[in-house]
Amino acid sequence: MTAVQSASNLHFGPEVGRRKRKRSQFSVLEPWLIRAQAIASDLDRMSHHQFLPGRVNRGDARELGGTIDGESVTALITSPPYPNEKDYSRATRLESVLLGFARSVDDLRFAKKAMVRSNTKGLYRDDDDDKWVSSVDELQELP
């Protein structure tokens, strides 16, 4: 998000939009370093606290079942999507290209189709996301 917020002509509202004027010759590295230093400072300030043992699992939440013991989760911190009709793939498109995660439009489309989506505009004919909740009785009871 640093590149998008600090060096592009994009802005965020309910959807991603463009400013009237493009910013010219703006450093992407400097704002990123400022944010990284703030995170490091936050971690340093917290280093004296006693925490319960923890583990970070990075990946698709739909595929983490085999890596987590059934009764071991006390807290879960997630990143979007939130059910708000926001197309998160649009917000991360520029950074995906700058960081080398996507090198073509096809790469961006592939990533978008693989995401857990909150936007009804991002539904696809071959989606099978319903299988992930088919055994959750509480969800099956919803009208």
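If you're matching positions, the sequence shown starts at 7 in the working numbering and goes up one per residue.
Here a beta-carbon is modelled for each residue, glycine too, at the ideal position from N, C-alpha and C.
Just so we're clear, the structure is a prediction, and the values are computed from it rather than from any experiment.
- Within the DSSP secondary-structure output, residue 24 pairs in a beta bridge with 16.
- Residue 56: not part of any alpha helix (DSSP H); DSSP gives it neither H nor E.
- For residue 118, the secondary structure class from DSSP, reduced to helix, strand or coil, is helix.
- Note that the C-beta distance between residue 118 and residue 106 is not below 8 Å.
- With a contact defined as Cβ atoms closer than 8 Å, residue 114 and residue 120 miss out at about 11 Å.
- When the five nearest sequence neighbours on each side are left out, the beta carbons in the same chain lying within less than 7 Å of the beta carbon of residue 139 are those of 145, in order along the chain.
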